[in-house]
Amino acid sequence: MTGETKDLFAICSEIAGKLRGLSEEETNLVLRWIEEARKVEKATPGTTAPVPVREVKRAKVAPPAVAPAPQVAEGEAVDLRSFIRRKRPKNDAQFVVLVTYYYQYLVPEGERLEVVTPEDVGRAAESIKWRLRKRPGIPMNNAARLGYLVRKDRGQFALTEKGLALVEKLPPKRTRPARARKTSE
8 MTGETKDLFA ICSEIAGKLR GLSEEETNLV LRWIEEARKV EKATPGTTAP
58 VPVREVKRAK VAPPAVAPAP QVAEGEAVDL RSFIRRKRPK NDAQFVVLVT
108 YYYQYLVPEG ERLEVVTPED VGRAAESIKW RLRKRPGIPM NNAARLGYLV
158 RKDRGQFALT EKGLALVEKL PPKRTRPARA RKTSE
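In case it helps, the numbering used here puts the sequence shown at residues 8 to 192.
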């Protein structure tokens, strides 16, 4: 065996060791992120040498070329209000990420947006009566600083892999049976 082949086996065994103990879903998610990071490396114009994966994780990256698995059942129409209710964002930055995801992946094919602007988020917040604490551009910039969104142009944002992971991570609304009321006897 050549030294290069041994290095490849060492890399594979190191990755396999790090994946041990993860659930199948978590393993698939990690492998998908690696694959998407490699696609970004290839798509980056002007680079001659591949960028190490460690640097790609910190870099601002374009949204994945393949749309993620939708967060709704197949064939089920979803409106913004029910999607936001189901995901229960805890702050304005999470709300902005969910709105961006909705406009990029869940609206009908002809109405999808490649980039979302603060005006889009403001209209979405008004339509579902979500009270933004500040102007829509501020939480969008905060979400970009956290790595959930990437700035495409001035005032235009798109999701990153980290933003997609946040959408997948946010819990769907739990449904619990109503508790019986106490009655006075």
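By construction, the Cβ of each residue, glycine as well, lies at the ideal position given by its N, Cα and C atoms.
Return the bridge partner residues of A165 from the DSSP annotation.
By one-based count along the sequence shown, residue 165 stands at place 158. Beta-bridge pairing links A165 to V157.
Kindly indicate which three-state DSSP category V85 falls into: helix, strand or coil?
For the purposes of this step, residue 85 is taken as residue 78 along the sequence shown, with counting starting at 1. Correct three-state label for V85: coil.
Rounded to a whole number of angstroms, what is the C-alpha to C-alpha distance between C19 and A151?
Start at 1 with the first residue of the sequence shown, and residue 19 comes out as number 12. Start at 1 with the first residue of the sequence shown, and residue 151 comes out as number 144. Between C19 and A151, the C-alpha separation is close to 33 Å.
Under 9 Å, do Y240 and I91 count as touching if we go by C-beta distance?
Any answer about residue 240 is impossible in this case: the structure gives the chain only from 8 up to 192.
Could you give the residue range of the alpha helix (DSSP H) that holds V128?
By 1-based counting over the sequence shown, the position of residue 128 is 121. Run containing V128: P125 to I135, per the alpha helix (DSSP H) assignment.
When we look at the beta-carbon of R27 and count the other beta-carbons within 10 Å, is it buried (16 or more) or exposed?
On the sequence shown, residue 27 is found 20 positions in, with the first residue counted as 1. Classification of R27: exposed, given that the 10 Å Cβ count is below 16.
Tell me which same chain residues have a C-beta within less than 7 Å of the C-beta of R158, skipping the five on either side of it?
One-based indexing of the sequence shown puts residue 158 at position 151. Cβ within range, chain order: A151 and F164.
Could you tell me the alpha carbon to alpha carbon distance between P201 and E126, rounded to whole angstroms?
The question about residue 201 has no answer here: the residues shown for the chain are numbered 8 through 192.
Select from A17, G170 and D14 the residue whose C-alpha is nearest the C-alpha of Q101.
Taking the sequence shown and counting its residues from 1, one reaches residue 101 at position 94. Ranking the options by Cα distance to Q101, first place goes to G170.
What do you get for E168, buried or exposed, if any count of 16 or more other CB atoms within 10 angstroms of its CB means buried?
Position 161 of the sequence shown holds residue 168. Classification of E168: buried, given that the 10 Å Cβ count is 16 or more.
Going by C-alpha to C-alpha distance, which of V106, A172 and E42 sits closest to W7?
This structure gives no information on residue 7, because the portion of the chain shown stretches from 8 to 192.
Going along the chain, which residues of its own chain have a beta-carbon closer than 8 Å to the beta-carbon of L173, five neighbours each way excluded?
The residue given as residue 173 occupies position 166 in the sequence shown. Counting only Cβ-Cβ distances below 8 Å, and skipping sequence neighbours, we find Q101, V104 and Y155.
Does DSSP classify S20 as helix, strand or coil?
Translated into the one-based positions of the sequence shown, residue 20 becomes position 13. In the structure shown, S20 sits in a helix (DSSP, three-state: H, G or I).
Classify K176: buried if its beta carbon has 16 or more other beta carbons within 10 angstroms, exposed otherwise.
The residue labelled residue 176 in the question sits at position 169 within the sequence shown. Flag for K176 reads exposed.
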